[in-house]
Structure formats: structure tokens, C-alpha cells
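Numbering (this note's numbering), first residue to last: 300 to 550. Glycine residues also receive a C-beta, built at the ideal position from the N, C-alpha and C atoms. Written out below as C-alpha cells is the structure these notes cover.
Listed below in C-alpha cells is the structure:
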């Protein structure tokens, strides 16, 4: 950012020196050679001192800018770390609370739908108890990876706590795209290795923020949570019906 200061000072010094030398040569008959050499020496000395002072100021200023830049970068890294989950790399609840209103406003301003998806890993505690916490951690990390790699680039994955996640999705295909990711997770080799072949399913609930209808985060969260638990009850009912159908009848 700063070399221009020294370059400009050197250019001005050279220009003044050229004009001064030309002037003294033009009137050299009025000065003896010793006087001309003395004037040249004084000008070169004063120019050198000026350039040294400019160079010193440039170096000090450059150091100040670099220090400020490093401090700003450190502050950004600290803020980023405070908004992310250290294990999965997803954003955290603090990020959601801080940025949800702005993200919803931006989506509505572009006349797009912002979908809030609430995800919960089914029977996560039994998986942890059976296969160990390292397996549970692997499931959560892989869930975030699958979502980040397969959803559009402006989608945001958030870990709310434990095995509960949220996805902020801008567009009309949230349910199809997220469902496809969750189906992919069921056959993911990394997850299956961690669970000794047990497929992992994730239930989801959705709530939309549409143009012209402002909604608070608590309201959106509540609606998605109701749908999530309805999905879990439906899954449990489906498994119960399957077990009853498979149970042999007594003659």
C-alpha cells in the first residue's frame, strides 16, 4: 500500500535536481566551479536526508497498516470461531440468532422463499451407546459434509446442539434436495463403517418464510419442530406396523 510515497518523493527530488542543475548550468558564467560543486553537494545532501526521512515514515506507516490488518484478521477469525461448531464445522445457534432476520429479509427482497429445515438424527442415543461416541461424532460430521457438498452454495448448515441441526435453504426445492441428502446418508460408507452396517436415518421438519410475510425465528422454529416430531411419530408408527405384519400368527 505504501511504496508510492517513496517513489513520488524520489521523483520530485529528481525533478527538482534536474531543474536546479539545468539552471546552474545556464548561468554557470556567473558562478565559479567551486560554488557550483558546493551547491550540487548541498542539494544532493538535502535530497538524501529528505528521502531517508520519507522512507522511514513509509516503513513506519507500512508497519502500522500491517499491524492493523493482522488485528482485523485475528478479530475476524475469532468472530468466525465464535459462530461455528468446532467438531462439525457447521455454524452454531449463535450464528442463527444473529443472522436469521437479515437472511430472511434478503431472500424476500429477491422474491425467493427461505426454508428453515430442522433435522434430528433418529435414535442417536442408542447409536452412541451401542457403537461409542466416536461413531456418533462420525455420523454428525458426515451429515454436515453430505449437506454441504450436495446442497446449493448459498445453503447454510447449522448445528443447534447434540444431534439437532438446521438448514437455511433459499429456493423452492428445499424439501426434495434435503430429502435426497438424507437418503444418501443412509447408504453412506463412512456412516455404515461407524455403525457396523446399521443405517442411520434423519427426520426433518420444515417451515417457510415467503415474501410479504415477516416471521420471527421462534415462530419458524416452532412450526418446523412440530413437523419434525410429526415425522418422527409417523416413522415410529410405520415401524410398528411393519413389526406387526412380520410377527407370525399363532395357529
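C-beta atoms of residue i and residue j nearer than 7 Å
i	j	result
residue 458	residue 384	yes
residue 493	residue 437	yes
residue 312	residue 346	yes
residue 427	residue 435	yes
residue 424	residue 387	no
residue 462	residue 420	yes
residue 522	residue 506	yes
residue 510	residue 407	yes
Span of the alpha helix (DSSP H) around residue i
i	result
residue 485	473-485
residue 429	423-430
residue 406	392-408
Of the residues the options, the one placed nearest residue i, counting alpha carbons only
i	options	result
residue 349	362, 309, 523, 386	309
residue 396	515, 527, 523, 421	515
residue 343	364, 363, 317	317
residue 449	482, 430, 463	482
residue 382	369, 456, 333, 332	456
residue 357	398, 507, 306	306
residue 551	401, 393, 337	Absent from the structure is residue 551, since the part of the chain shown begins at 300 and ends at 550.
residue 474	517, 526, 431	526
residue 498	442, 476, 453	442
residue 452	476, 518, 355, 410	476
residue 391	517, 519, 460	460
residue 532	518, 501, 519	501
residue 337	354, 488, 319	319
residue 513	399, 332, 472	399
residue 519	409, 471, 403, 430	403
Limits of the unbroken beta strand (DSSP E) element including residue i
i	result
residue 459	455-460
residue 419	413-420
residue 490	Run containing residue 490: none in the beta strand (DSSP E); it sits in the alpha helix (DSSP H), 488-493.
residue 466	463-469
In DSSP terms, what residue i is bridged to
i	result
residue 502	419
residue 507	414
residue 383	390
Proximity test, residue i beta-carbon vs the ligand MN heavy atom, cut-off 6 Å
i	result
residue 318	Absence of the ligand MN from the depicted structure is noted, as is the absence of any ligand whatsoever, leaving it without description.
* Take every Cβ of the segment 414-421, pair it with every Cβ of the segment 459-471, and state whether three or more of those distances are shorter than 8 Å. => yes
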